[in-house]
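Asks:
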Amino acid sequence: MSLTTPRRTPKESAEIDAVLSRHPVIASVKDDDGLRAVLGAPCPVVFVLFGSVISIGGIVGTLKAAGKTVFVDVDLLDGFSSKPVVVDFLKASTQADGILSSKAAIVRAAKTAGLMAIHRLFLVDSFSYNNVPKQVGLSGADAIEILPGCMPRVISWLREDVDLPLIAGGLVCDKEDVIGALGAGAVAVASSNRGVWLM
1 MSLTTPRRTP KESAEIDAVL SRHPVIASVK DDDGLRAVLG APCPVVFVLF GSVISIGGIV
61 GTLKAAGKTV FVDVDLLDGF SSKPVVVDFL KASTQADGIL SSKAAIVRAA KTAGLMAIHR
121 LFLVDSFSYN NVPKQVGLSG ADAIEILPGC MPRVISWLRE DVDLPLIAGG LVCDKEDVIG
181 ALGAGAVAVA SSNRGVWLM
């Protein structure tokens, strides 16, 4: 399969590559128990997959105090609309380093605001796969996260065709999944499985 995506600037490449190269396992945190657990985990990068307009500042602050690089999934925050203004709020009211979103307009807004931005892409069939270049072209993302992440064959196709760091997320449950994703060309894996965090 042949896809074309926009090239990143050297500055954009260096920033996201530096973040993702520190450790190939990203901790995805879905609740307060996960938040407490990740504070002592060796994962320097955390994806926050929960929170609300009231709690997100505290969640991000706790992680930053523990020395973590924090990306907030803005699509999963309670009390926010799916509009680019959520990025302005996060930039002004939290210490988040970046965002995750499946919406190209929100990813683009994060880039404009000076935040790192990861475009989440749910690949469920050939139609969604073939739509990747259009979505990435619209968003200008620093990296993409593909879900589910336990698809080494698809990861290798994308790695050949997309000029962005690729993160495998969702259903990354064990060492075999991690090795398969990284071996296929993913630069990192994201998982909420605490056993994976310790690899």
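Start counting the sequence shown at 1; every next residue gets the next number (UniProt numbering). Think of the CB as a built atom: it goes at the ideal place given N, C-alpha and C, for glycine as much as any other residue. These numbers come from a predicted model, not from an experiment.
1) Report the three-state DSSP secondary structure of G88 (helix, strand or coil).
2) For the beta strand (DSSP E) that L166 lies in, which residues bound it at each end?
3) Closest to Y129 by CA distance: which of G61, A65, I155 is it?
4) Quick check: what's the CA-CA separation for L147 versus V72?
5) What is the DSSP secondary structure of T62, reduced to helix, strand or coil?
6) Do you know offhand how far A41's Cα is from K83's?
7) Near L20, what residues of its chain come up, given a Cβ to Cβ distance below 6 Å and the 5 sequence neighbours on each side ignored?
8) In whole angstroms, give me the CA-to-CA distance for A190 and A113.
9) What do you get for D78, buried or exposed, if any count of 16 or more other CB atoms within 10 angstroms of its CB means buried?
10) Write down every uninterrupted run of the alpha helix (DSSP H) in the segment 158–199 whose length is 4 residues or greater and which is fully enclosed by it, in chain order.
11) Can you check whether the CB of S139 is closer than 8 Å to the CB of A96?
12) Have a look at the DSSP bridge pairing and note the partners of R120.
13) At a threshold of 7 Å, does D31 count as lining the ligand GTP (C-beta to nearest heavy atom)?
14) Among V124, C150, H119, which has the Cα closest to the Cα of V136?
15) In terms of residues, what are the limits of the beta strand (DSSP E) holding T112?
16) Are V45 and K68 close, meaning C-beta to C-beta below 8 Å?
17) Classify R8: buried if its beta carbon has 16 or more other beta carbons within 10 angstroms, exposed otherwise.
18) Tell me D78's beta-bridge partners as DSSP assigns them.
19) Anyone know if the C-beta pair for A143 and I106 falls short of 8 Å?
Replies: Once the coordinates are examined:
1) Reading the sequence shown from its first residue, position 88 is the one you call residue 88. As written in the sequence, residue 88 is Asp, which differs from the Gly given in the question. Correct three-state label for D88: helix.
2) Along the sequence shown, read from residue 1 onward, the residue named residue 166 stands at position 166. Segment 166–169, the beta strand (DSSP E) holding L166.
3) Taking the first residue of the sequence shown as 1, we reach residue 129 at position 129. Nearest of G61, A65, I155 to Y129, Cα basis: I155.
4) Looking up residue 147 in the sequence shown gives position 147. Looking up residue 72 in the sequence shown gives position 72. Rounded to the nearest whole angstrom, the CA to CA distance from L147 to V72 is 16 Å.
5) Indexing the sequence shown from 1 puts residue 62 at position 62. It is helical.
6) Locating residue 41 in the sequence shown gives position 41, where the first residue counts as 1. Locating residue 83 in the sequence shown gives position 83, where the first residue counts as 1. Between A41 and K83, the C-alpha separation is close to 33 Å.
7) As a working note, residue 20 is residue 20 in the sequence shown. Closer than 6 Å at the Cβ level, and outside the excluded window around L20, lie P165, V187, A188.
8) The sequence position of residue 190 within the sequence shown is 190, counting from 1. The sequence position of residue 113 within the sequence shown is 113, counting from 1. Going by the C-alpha atoms only, they are around 24 Å apart.
9) The residue given as residue 78 occupies position 78 in the sequence shown. Exposed, by the Cβ-count rule.
10) 175–183, 194–197
11) As a working note, residue 96 is residue 96 in the sequence shown. As a working note, residue 139 is residue 139 in the sequence shown. Going by C-beta atoms, A96 is not nearer than 8 Å to S139.
12) The residue you call residue 120 lines up with position 120 of the sequence shown. DSSP output for R120 lists E145 as bridge partner(s).
13) Inclusion of the ligand GTP in the displayed structure is not the case, the ligand content being empty and no account of it being possible.
14) Mapped onto the sequence shown, residue 136 falls at position 136. That would be H119, whose Cα lies nearest to the Cα of V136.
15) Taking the sequence shown and counting its residues from 1, one reaches residue 112 at position 112. Segment 104–112 is the alpha helix (DSSP H) holding T112; no beta strand (DSSP E) there.
16) Counting from 1 along the sequence shown, the entry for residue 45 is found at position 45. Counting from 1 along the sequence shown, the entry for residue 68 is found at position 68. Yes, the Cβ-Cβ distance between V45 and K68 is below 8 Å.
17) Position 8 of the sequence shown, counted from the first residue, corresponds to residue 8. Only weak support is given to the placement of R8: the predicted model assigns it a pLDDT of 49, under 50, and the value that follows is read from those uncertain coordinates. When all chains shown are included, R8 counts as buried.
18) Walking along the sequence shown from the start, residue 78 turns up at place 78. DSSP, once it has assigned bridges, lists S52 as partnering D78.
19) Here residue 143 refers to the residue found at position 143 when the sequence shown is read from its first residue. Here residue 106 refers to the residue found at position 106 when the sequence shown is read from its first residue. No, they are not a contact pair.
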